[in-house]
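Novice: Residue numbering for the sequence shown follows the numbering used here, starting at 40 and increasing by one per position.
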Amino acid sequence: MTVAKATIANLRQKQSLLYLLLFSLATVMIWVVISLITSQQRPGISPELQQLAQPLTPTLNQDTLQKIESKQFYSESELSQFPIYKIITAPNGVDELVVTIDTDEASVFPPRETQAPSPSPTPEESPAQFDTPAASQSATSTATESAEAVQ
């Protein structure tokens with residue numbers, strides 16, 4: 040009986056594999072059919088493109104050609120003397136200057152030399168006469184004398 044069970048299990052395994060292969064074959068067939076249908080539905084050349092593809096008429100507008108010929112022509116010597124300008128911005132970022140292309144920026148705005156900051160003044164000691172109590176009394180008496188003089 041074990042041989043029969045083994046044979047049945049083997050057949051079931053092969054049957055599952057057969058189902059998987061049939062499903063894959065059906066999927067591929069559906070994919071091919073859909074691809075063929077969608078490729079047949081693509082339109083050809085649109086009427087707009089066909090109209091654009093028609094050849095041009097080989098006639099030239101003589102007025103336009105004469106206008107082109109009458110345009111001013113510059114020789115090499117005239118072009119070499121033609122000035123080209125550039126805008127230079129000052130180091131402060133505000134001022135701008137228009138100069139010829141061969142002008143050096145350093146000659147227009149010379150670099151400023153940076154100066155070391157000056158040291159802050161040191162506090163000086165006040166004279167000894169203002170620190171004494173007698174000095175404060177004399178200042179008070181001077182104030183009262185000037186007040187009496189006003190009256």
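Where a beta carbon is used, it is the ideal one built from N, C-alpha and C, also for glycine.
Roughly how many angstroms separate the alpha carbons of residue 70 and residue 78, rounded to a whole number?
Specialist: Whole-angstrom Cα-Cα distance: 12 Å.
Novice: If you measure between the beta carbons of residue 127 and residue 135, is that distance less than 8 Å?
Specialist: Cβ atoms of residue 127 and residue 135: closer than 8 Å.
Novice: Kindly give me the distance between the Cβ atoms of residue 138 and residue 125, rounded to whole angstroms, as I take these residues to be in contact under 8 Å.
Specialist: With 8 Å as the limit, residue 138 and residue 125 qualify as a contact, their Cβ atoms being about 6 Å apart.
Novice: Please check the pair residue 130 and residue 148, which I expect to be a contact at CB under 8 Å, by giving their CB distance rounded to whole angstroms.
Specialist: With a Cβ gap of about 6 Å, residue 130 and residue 148 count as contacting.
Novice: Provide the residue(s) that pair with residue 213 in DSSP beta bridges, ordered along the chain.
Specialist: The displayed coordinates of the chain run from 40 to 190. Any statement about residue 213 would go beyond what the structure contains.
Novice: May I ask you to report which of helix, strand or coil DSSP gives residue 62?
Specialist: The answer is helix: DSSP assigns residue 62 an H, G or I state.
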